[in-house]
Amino acid sequence: MIRIDEIKLPVDMEHEEDELSAAAAAKLHCPQREILHWRILKKSLDARKKPKLFWSYSLGVTVAGDEARYLKKRGSAKIRREPDFHYTLPKNKYCGKYAPLVVGAGPAGLFAALALAEAGLRPVVVEKGTCVEKRQRDVARFWNGGSLNPYSNIQFGEGGAGAFSDGKLNTGTKDPRHKKILDTLIQCGAPEEIGYMAKPHVGSDRLPLAVTNLRKRIEALGGTFLFETVLEDLLVEKGTIVGVYLKQNGMIREHHCDHVLLATGHSARDIYELLFRKGVSLCPKAFSLGVRIEHLQSRIDFAQYGRERGQLLPAADYKLSVRLPSGRSAYTFCMCPGGVVVGAASEEGGVVTNGMSGFARDGVNSNSALLVGVTPEDFPARDPLAGMRWQREIEARAYSAAGGNYYALSQRVDDFLQKRPSLHWGEVEPTYLPGVSAGTIDDVLPLFVTEALREALPLLGQKIKGFDCGDAVLTAPETRSSAPLRILRDDMGESSLRGLYPMGEGAGYAGGIMSSATDGLRIAEAVISSEKEK
253 MIRIDEIKLP
263 VDMEHEEDEL
273 SAAAAAKLHC
283 PQREILHWRI
293 LKKSLDARKK
303 PKLFWSYSLG
313 VTVAGDEARY
323 LKKRGSAKIR
333 REPDFHYTLP
343 KNKYCGKYAP
353 LVVGAGPAGL
363 FAALALAEAG
373 LRPVVVEKGT
383 CVEKRQRDVA
393 RFWNGGSLNP
403 YSNIQFGEGG
413 AGAFSDGKLN
423 TGTKDPRHKK
433 ILDTLIQCGA
443 PEEIGYMAKP
453 HVGSDRLPLA
463 VTNLRKRIEA
473 LGGTFLFETV
483 LEDLLVEKGT
493 IVGVYLKQNG
503 MIREHHCDHV
513 LLATGHSARD
523 IYELLFRKGV
533 SLCPKAFSLG
543 VRIEHLQSRI
553 DFAQYGRERG
563 QLLPAADYKL
573 SVRLPSGRSA
583 YTFCMCPGGV
593 VVGAASEEGG
603 VVTNGMSGFA
613 RDGVNSNSAL
623 LVGVTPEDFP
633 ARDPLAGMRW
643 QREIEARAYS
653 AAGGNYYALS
663 QRVDDFLQKR
673 PSLHWGEVEP
683 TYLPGVSAGT
693 IDDVLPLFVT
703 EALREALPLL
713 GQKIKGFDCG
723 DAVLTAPETR
733 SSAPLRILRD
743 DMGESSLRGL
753 YPMGEGAGYA
763 GGIMSSATDG
773 LRIAEAVISS
783 EKEK
């Protein structure tokens with residue numbers, strides 16, 4: 253197959269298929285009838301000459317006859333042979349006495365379990381939360397003013413934290429495992445376009461179906477899922493895991509295992525505390541603190557496109573960062589076009605915010621995290637759990653400041669800059685569920701964080717017109733953008749406790765769905781190919 257890059261068509265182009273075939277033939281200088289088959293390999297939006305916007309395509313083309321003559325004739329880096337890709341598991345050398353135990357059913361845990369199941373190892377997957385169908389009901393109940401279920405919420409349950417987000421599948425790396433992940437999600441019901449869009453996303457309304465079907469695939473391969481089952485303790489002999497204690501239906505039982513793949517996420521504070529007690533090597537890690545910022549999506553569209561979006565363009569997004577005069581950095585994270593801000597608490601008496609979009613991204617507001625980087629030197633203490641405790645303190649302070657009912661503090665940007673509470677909303681109304689209380693974000697976040705945000709807003713307004721508009725809404729706090737510590741592991745992915753393999757966001761080695769799923773595959777491969785006897 254021949255790959256042709258940088259085929260550009262105006263965004264208002266209607267007969268896309270005919271135009272793409274003709275454009276491919278023109279690039280190859282061949283009659284269109286010699287194009288036997290083509291498919292989109294990549295599609296991205298080129299807005300560098302806004303308001304003139306173009307879709308930029310990379311196509312995979314099959315031609316009649318010998319494709320080498322076209323490659324030789326064209327001699328361009330933009331026209332080249334596209335290698336075939338087939339993901340292959342390593343040879344199975346697993347020598348454990350028991351089936352591998354995967355703890356956590358987020359992206360890392362699910363894709364690790366899939367690889368283990370495909371290798372014939374019949375993994376057991378333990379998840380403290382519920383299956384995604386029940387989890388959706390628990391989350392909706394909380395957002396509508398019901399009680400928080402500390403085991404089934406935005407952070408915990410099948411699908412992990414990413415199941416209630418925008419379902420972004422972006423990654424900053426080019427790992428060959430990515431195609432395996434995307435192809436699997438498509439086979440499990442995710443939109444086909446995630447296989448070629450430059451900024452793929454599934455949407456929180458589509459992701460649960462894919463997660464459910466992925467679980468069913470693992471089960472069909474011999475895997476077992478234990479929901480509402482909590483990892484209570486590790487059974488260790490001579491520095492090696494020989495089993496775990498699991499709590500289910502109020503009963504604690506011993507489960508024999510010698511390979512534990514730990515994928516519990518960045519909010520499983522009980523697991524961090526357990527590992528600390530067991531003497532597993534941990535170290536504090538930099539993370540970020542801040543707020544969610546909301547704008548009218550139409551204003552972001554105009555700023556990014558130089559025109560109204562219309563029917564054919566997606567809701568515009570952004571990704572911003574700035575180095576501040578104070579020496580700190582601020583940046584946006586997890587931008588949700590056409591989305592809402594939601595309550596993401598997982599502990600009673602704490603408020604956490606997050607963002608979420610459906611596949612259509614058709615909400616009135618956009619939102620993203622606006623964060624300030626913090627380092628272990630900023631933490632109130634120096635032990636490995638110091639950052640985690642700091643997060644918890646901020647979340648508890650936010651809970652009290654907003655009234656103790658899981659509402660969050662919200663403030664207009666203009667009022668925040670002037671250090672006064674908001675008495676009314678302007679053109680942007682906060683979307684946070686369960687609800688908001690007007691107040692001052694300075695009552696929640698550390699002073700150096702709020703001062704850094706005040707520095708950052710005007711600078712970011714120079715990058716996107718209107719980003720710092722007075723009616724934009726800030727909602728606090730955003731504390732869970734990444735893990736506050738790292739579970740140290742060796743080159744084979746094993747922790748200082750033999751048989752324990754930390755992975756994904758909770759281990760401090762990933763951030764987001766794709767990198768977490770990739771890390772899960774990587775660790776599963778290490779376990780499959782490991783010949784060490786436990």
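Going letter by letter, the sequence shown gives residues 253 to 786 in the working numbering.
Using N, Cα and C, we set each Cβ at its ideal position, and we do this for glycine too.
Beta-carbon proximity check, residue i vs residue j, cutoff 8 Å
| i | j | result |
| --- | --- | --- |
| T436 | L366 | yes |
| G474 | A369 | yes |
| E777 | D723 | no |
| V593 | T605 | yes |
| I259 | S273 | no |
| K451 | F337 | no |
| G380 | Y403 | A small correction: the amino acid at residue 380 is Lys; Gly does not occupy that position in the sequence shown. Going by C-beta atoms, K380 is nearer than 8 Å to Y403. |
| A638 | P536 | yes |
| G542 | A621 | yes |
| V312 | W290 | Per the sequence presented here, residue 312 reads as Gly, with Val not at that position. It is a contact, given that the beta carbons lie within the stated cut-off. |
| I765 | P359 | yes |
| S618 | E546 | yes |
| L459 | A415 | yes |
| A728 | L576 | no |
| V696 | A648 | no |
DSSP three-state assignment for residue i, whether helix, strand or coil
| i | result |
| --- | --- |
| D257 | strand |
| N812 | Look at the range of the chain in this structure, 253 to 786, and you will see that residue 812 is not part of it. |
| K279 | helix |
| K380 | coil |
| H511 | coil |
| G495 | strand |
| Q500 | strand |
| I775 | helix |
| D298 | strand |
| K786 | Note that K786 has pLDDT 48, beneath the 50 cutoff, so the model's placement of it is unreliable and the number below is only indicative. Coil. |
| F408 | coil |
| G760 | coil |
| P589 | coil |
| W395 | helix |
| M265 | coil |
| V701 | helix |
| Y753 | strand |
Alpha-carbon spacing of residue i relative to residue j, whole angstroms
| i | j | result |
| --- | --- | --- |
| L712 | Y583 | 9 Å |
| L749 | F539 | 25 Å |
| A769 | L534 | 22 Å |
| S519 | K420 | 19 Å |
| L261 | M253 | 22 Å |
| F479 | F408 | 11 Å |
| G745 | G751 | 10 Å |
| G411 | D257 | 35 Å |
| A351 | I646 | 40 Å |
| R467 | H676 | 46 Å |
| V355 | G447 | 28 Å |
| D298 | S310 | 13 Å |
| E783 | K345 | 6 Å |
| Q388 | D720 | 34 Å |
| L323 | R559 | 39 Å |
| Y339 | K295 | 23 Å |
| G763 | R285 | 45 Å |
Cβ-based burial, residue i [other Cβ within 10 Å; buried from 16]
| i | result |
| --- | --- |
| L347 | The sequence given here has Cys at residue 347, not Leu. With fewer than 16 other Cβ atoms within 10 Å, it is exposed. |
| Q556 | buried |
| E444 | exposed |
| I693 | buried |
| R429 | buried |
| K301 | exposed |
| I504 | exposed |
| D771 | buried |
| H453 | buried |
| R551 | buried |
| A357 | buried |
| H508 | exposed |
| T627 | exposed |
| H281 | exposed |
| T314 | exposed |
8 Å contact criterion, which residue i and residue j should meet: CB distance rounded
| i | j | result |
| --- | --- | --- |
| R644 | G602 | 7 Å |
| I780 | P342 | 6 Å |
| S674 | Q663 | 5 Å |
| V263 | L565 | 6 Å |
| S669 | L709 | Rather than Ser, the amino acid found at residue 669 in this sequence is Leu. With 8 Å as the limit, L669 and L709 qualify as a contact, their Cβ atoms being about 7 Å apart. |
Contact test: residue i Cβ vs the ligand FMN heavy atom, cutoff 7 Å
| i | result |
| --- | --- |
| K349 | Of the ligands one can find in the structure shown there are none, so the ligand FMN has no counterpart to examine. |
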